[in-house]
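Protein chains in written order, with the working numbering: chain A, 521 to 637; chain B, 14 to 126. For glycine and all other residues, C-beta sits at the position ideal for the given N, C-alpha and C. All of these numbers come straight from a predicted model, not from anything done at the bench.
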Amino acid sequence: ETGVTQSPTHLIKTRGQQVTLRCSSQSGHNTVSWYQQALGQGPQFIFQYYREEENGRGNFPPRFSGLQFPNYSSELNVNALELDDSALYLCASSSGGTLRGGPDTQYFGPGTRLTVL
Amino acid sequence: DQQVKQNSPSLSVQEGRISILNCDYTNSMFDYFLWYKKYPAEGPTFLISISSIKDKNEDGRFTVFLNKSAKHLSLHIVPSQPGDSAVYFCAASPYNQGGKLIFGQGTELSVKP
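Rendered as structure tokens:
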């Protein structure tokens, strides 16, 4: 069974640029969630995709956008990068249990460390 | 507004003893709770979960207790091992909010030989 993978591992960008982060979900999972983890904090929910549709969004501006593909992999796009966007970006996949009225355990990838200069 | 709080940033325990990590929450709409362990330079690893209809769930050395009236969650690790040294996050899922997880700030556990 293949776990959640993310690319790239590290990324350095300058303020105002755009970035795309990628995630491959664990086999058998159809739901992908993205989180931002600042230093010393817990992960903050950005949004979730279920079967290519956005299914819930956290308190992040519209310059954070995403996509999910038919194979359930996903991208996170951030436009007009700001210094505060520097963080670890985590992707998690799950089987969409909450959408069937049940618990939904999310399994995380290793993350992408984004530094904005 | 911090809906999930881990008030102890760090905890140090002797190998073989019990580690107790605590978590408090404010939202009564949370119906599913999870604990994750995180090593540096890795993503969080799922440890154990509990539904709001239960008050205890056990998996090997790990037991999670839920006290809904106190809105309090705890993770017990018995016996603690040096390999358990990591940052532990509790997380909660609000009912009917699309699988969103709300995390605490984490507690760094150090298990000394």
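For chain A, check one thing: does any of its Cβ atoms lie closer than 8 Å to the Cβ of L88/B? Here residue 88/B corresponds to residue number 75 of the second sequence, with the count starting at 1. No - not a single Cβ of chain A is within 8 Å of the one on L88/B.
Once DSSP output is grouped into helix, strand and coil, what is the label at G548/A? Locating residue 548/A in the first sequence gives position 28, counting from the first residue. Looking at G548/A - three-state DSSP - the assignment turns out to be coil, as it is neither helix nor strand.
In chain order, what residues of the stretch 57-82 of chain B put their CB closer than 8 Å to some CB of chain A? P57, T58, F59, S62 and S64
On the premise that G56/B lies in contact with P630/A, defined as a C-beta separation below 8 Å, what is that separation, rounded to the nearest angstrom? The residue labelled residue 630/A in the question sits at position 110 within the first sequence. The residue labelled residue 56/B in the question sits at position 43 within the second sequence. Confirmed, Cβ separation roughly 5 Å.
For L596/A, report the span of its beta strand (DSSP E) as first-last. Translated into positions along the first sequence, residue 596/A becomes position 76. Element bounds for L596/A: S594 to V598.
Taking 8 Å as the limit between beta carbons, can you name the residues of its chain near P107/B, skipping five residues before and five after? For the purposes of this step, residue 107/B is taken as residue 94 along the second sequence, with counting starting at 1. Once the five neighbours on either side are set aside, the close Cβ partners of P107/B are N40, M42, F43, D44, K113 and I115.
Please compile the residues from chain A whose C-beta is within a distance smaller than 9 Å of the C-beta of Q16/B. Along the second sequence, read from residue 1 onward, the residue named residue 16/B stands at position 3. Here the premise fails: no neighbours, minimum Cβ distance about 11 Å.
Contact between the stretch 532-547 of chain A and the stretch 560-575 of chain A: three or more CB pairs below 8 Å? no
Anything in chain A within Cβ reach of G117/B, meaning under 7 Å, just list it in chain order. To locate residue 117/B, count along the second sequence from 1; it is residue 104. In chain order: G562.
Should I31/B be labelled buried (16 or more other beta-carbon atoms within 10 Å of its own) or exposed? Working through the second sequence from its first residue, we reach residue 31/B at position 18. The residue in question, I31/B, is exposed, as its Cβ has fewer than 16 Cβ neighbours within 10 Å.
Mind checking whether I63/B and F46/B have CB atoms under 8 Å apart? The residue labelled residue 63/B in the question sits at position 50 within the second sequence. The residue labelled residue 46/B in the question sits at position 33 within the second sequence. It is a contact, given that the beta carbons lie within the stated cut-off.
Simplified DSSP assignment, three categories, for P57/B: As a first step, residue 57/B is located in the second sequence; it is residue number 44 there, counting from the start. Coil.
Outcome for K125/B when other beta-carbon atoms lying within 10 angstroms are tallied against a minimum of 16: Your numbering for residue 125/B matches position 112 in the second sequence. The residue in question, K125/B, is exposed, as its Cβ has fewer than 16 Cβ neighbours within 10 Å.
Who are the neighbours of K113/B on chain A, taking C-beta pairs under 8 Å? Within the second sequence, the letter at position 100 stands for residue 113/B. Under the 8 Å cutoff, chain A gives S553, F565, Q568, G576 and G578.
CB contact below 8 Å: F589/A versus chain B: In the first sequence, residue 589/A corresponds to position 69, counting from 1. Output row for F589/A: interface = no.
Candidates D604/A, L608/A and D624/A: which alpha carbon is nearest L637/A's? Looking up residue 637/A in the first sequence gives position 117. When only C-alpha atoms are compared, the closest one is D604/A.
Would you report the Cα separation of V524/A and S615/A, rounded to the nearest angstrom? Position 4 of the first sequence, counted from the start, is the residue given in the question as residue 524/A. Position 95 of the first sequence, counted from the start, is the residue given in the question as residue 615/A. So the alpha carbons of these two residues sit roughly 13 Å apart.
Secondary structure at L603/A, three-state DSSP: helix, strand or coil? Within the first sequence, residue 603/A is the residue found at index 83, counting from 1. Note: L603/A maps to helix in three-state DSSP.
Quick one: is N575/A buried, meaning 16 or more other Cβ sit within 10 Å of its Cβ, or exposed? By 1-based counting over the first sequence, the position of residue 575/A is 55. With 16 or more Cβ atoms within 10 Å of its Cβ, N575/A is classed as buried.
For D44/B, which three-state DSSP category applies? Position 31 of the second sequence, counted from the start, is the residue given in the question as residue 44/B. Correct three-state label for D44/B: strand.
Excluding the 5 residues preceding and the 5 following F78/B in the sequence, name in chain order all residues of the same chain whose CB lies nearer than 6 Å to its CB. Indexing the second sequence from 1 puts residue 78/B at position 65. Taken in chain order, the residues that qualify are K69 and S87.
Could you tell me which of P581/A, Q546/A, Q557/A and L634/A sits nearest to S594/A, measuring between CA atoms? By 1-based counting over the first sequence, the position of residue 594/A is 74. Checked all of P581/A, Q546/A, Q557/A and L634/A; the closest Cα to S594/A is Q546/A.
Out of curiosity, what's the CA-to-CA distance linking A612/A and F589/A? As a working note, residue 612/A is residue 92 in the first sequence. As a working note, residue 589/A is residue 69 in the first sequence. Their backbone Cα atoms lie some 15 Å apart in a straight line.
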